[in-house]
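Here's the structure, in structure tokens; my notes come after.
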Amino acid sequence: MKNCLYFILCLPLLLSSQQSNLSEKIELNERMLLSNLKVISHDSMEGRFFGTKGNYKAQRFISKQFDSLGIVPAFAAGHIQNYPYTFKGKFRQRIYPLTKTNKNIGKIPDTTVTGGNVVAMIKGKIDRAIVITAHLDHLGMQNGEIFNGADDDASGVAALLTMANYFSNKLPRHTLIFAAVDAEEIGSQGCAYLLDNFPLDLENIVLNINMDMIAHNDSAELYASGLYHYPNLKQPLDEIKSTNIKLLYGHDDPNNENIQDWTFASDHRIFHQKGIPF
0 MKNCLYFILC
10 LPLLLSSQQS
20 NLSEKIELNE
30 RMLLSNLKVI
40 SHDSMEGRFF
50 GTKGNYKAQR
60 FISKQFDSLG
70 IVPAFAAGHI
80 QNYPYTFKGK
90 FRQRIYPLTK
100 TNKNIGKIPD
110 TTVTGGNVVA
120 MIKGKIDRAI
130 VITAHLDHLG
140 MQNGEIFNGA
150 DDDASGVAAL
160 LTMANYFSNK
170 LPRHTLIFAA
180 VDAEEIGSQG
190 CAYLLDNFPL
200 DLENIVLNIN
210 MDMIAHNDSA
220 ELYASGLYHY
230 PNLKQPLDEI
240 KSTNIKLLYG
250 HDDPNNENIQ
260 DWTFASDHRI
270 FHQKGIPF
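Below, the structure written as structure tokens:
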């Protein structure tokens, strides 16, 4: 996780033209990063499935973190410190065991519940915005077992909060939107709602940085997916130097049958479908 942070913090710094002593700042934030990851993936969050008490508890925790940093909510409305922006989402309840002979499958009505994106904003020198996303939900509890989702995606949310902490006392060039989005596991409904109700004109979004499953890699590797579609983003990534992490490209070419295409695998696909680079 520590190694991942060297890359994660470097990318928005580079794209926002912000200068600092990066290594020193990262060391100071390591404790915060790991602490937040442990809290978000704790058993008490019950796997954070969409519309559950554990999910709402995670929303409240993330809201308090933004509030403690003095970062303003991106939306005027909300029910918890004005950060979560609520929406109605639909999903089909799972039935276990999932077998072809289960007569109830196909007869289950959609369940509509309230979800919430926790979205904060740091105004930049210009209105052009970089939107940094990570999904706060996970799989919840199944057959009495908690699916904690430490990697998927408490890791991304912990990194999101660490970035927000870094920029909380700075004036970046671009406006930075930090969005812990809900309902990724049931079709990225939270991210879709975010863009449908965005606080700025969508034309002002120049980039989405989406972090999903970034904590676990035995080879200390991270993939930056999206360069097949947006090759102009390659040059700033090439300039990142790190001895702690191996930054790799790929998993975005639909013509390569040998490598899984991640273009539509997480919330960044909602941006991509609207022509916003990720």
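Numbering follows numbering that gives the first Met the number 0, with no gaps: position 45 of the sequence shown is 44. Even glycine gets a Cβ: it sits at the ideal position worked out from N, Cα and C.
Backbone CA spacing between residue i and residue j [nearest angstrom]
i: K169; j: E256; result: 44 Å
i: V117; j: D195; result: 15 Å
i: V180; j: A133; result: 6 Å
i: L226; j: Y248; result: 7 Å
i: N209; j: I131; result: 6 Å
i: L159; j: T85; result: 20 Å
i: Y229; j: I204; result: 14 Å
i: F197; j: F74; result: 8 Å
i: G274; j: S43; result: 38 Å
i: T242; j: T113; result: 44 Å
i: C190; j: N207; result: 11 Å
i: E238; j: D251; result: 21 Å
i: N164; j: A219; result: 24 Å
i: G46; j: M140; result: 6 Å
i: Q58; j: H267; result: 20 Å
i: Q296; j: A119; result: With the chain covering 0 to 277 only, the question about residue 296 has no answer from this structure.
i: H137; j: A178; result: 16 Å
i: D279; j: E144; result: Residue coverage of the chain in this structure runs from 0 to 277, which leaves residue 279 outside it and unanswerable.
i: P276; j: S34; result: 31 Å
i: A214; j: P235; result: 23 Å
i: E29; j: M162; result: 11 Å
i: A212; j: T174; result: First, the amino acid is wrong: residue 212 is Met here, not Ala. Roughly 25 Å between the two C-alpha positions.
i: Q272; j: S62; result: 28 Å
i: Q64; j: F48; result: 20 Å
i: L246; j: P171; result: 24 Å
i: S265; j: A223; result: 13 Å
i: G186; j: L135; result: 13 Å
i: P72; j: L193; result: 13 Å
6 Å CB neighbourhood of residue i in its chain, flanking five on each side removed
i: Q188; result: G88 and A182
i: L323; result: Since the displayed the chain opens at 0 and closes at 277, residue 323 lies outside it and no answer follows.
i: K233; result: L226
i: A262; result: The residue you asked about is not Ala; residue 262 is Thr in the sequence shown. Around T262: D251.
Residues near residue i by beta carbon distance below 7 Å, same chain, minus five either side
i: A153; result: L36, I39 and S40
Same chain, Cβ closer than 8 Å to residue i, neighbours up to 5 away in sequence not counted
i: S167; result: L68, G69, I70 and I121
i: Y55; result: G115
Proximity test, Cβ basis, 8 Å: residue i and chain D
i: E202; result: Although the question refers to chain D, the structure presented lacks it and comprises just one protein chain.
Start and end residues, alpha helix (DSSP H) containing residue i
i: Q58; result: K52 to S67
i: I125; result: Counting along the chain, I125 falls outside any alpha helix (DSSP H), and DSSP gives it neither H nor E.
i: L193; result: Q188 to D195
i: L221; result: Run containing L221: none in the alpha helix (DSSP H); it sits in the beta strand (DSSP E), E220 to A223.
i: F270; result: H267 to Q272
The beta strand (DSSP E) enclosing residue i, as first and last residue numbers
i: E213; result: According to the sequence shown, residue 213 is Ile rather than Glu. Per DSSP, I213 belongs to no beta strand (DSSP E) and is neither H nor E.
i: F146; result: E144 to F146
i: Q259; result: It is not in any beta strand (DSSP E) - Q259 carries neither H nor E in the DSSP assignment.
i: K233; result: Segment K233 to D237 is the alpha helix (DSSP H) holding K233; no beta strand (DSSP E) there.
i: G139; result: G139 to Q141
i: K245; result: K245 to Y248
Near the ligand GDP: residue i beta-carbon under 7 Å from a heavy atom
i: A264; result: With respect to the ligand GDP, the structure offers nothing, as it holds no ligand at all.
**OP:** Counting only runs of 4+ residues fully inside the segment 154-185, write out the alpha helix (DSSP H) ranges in chain order.
**Re:** 154-166
Subject >> the segment 120-131 touching the segment 141-148, judged by at least three CB pairs closer than 8 Å >> reply: no
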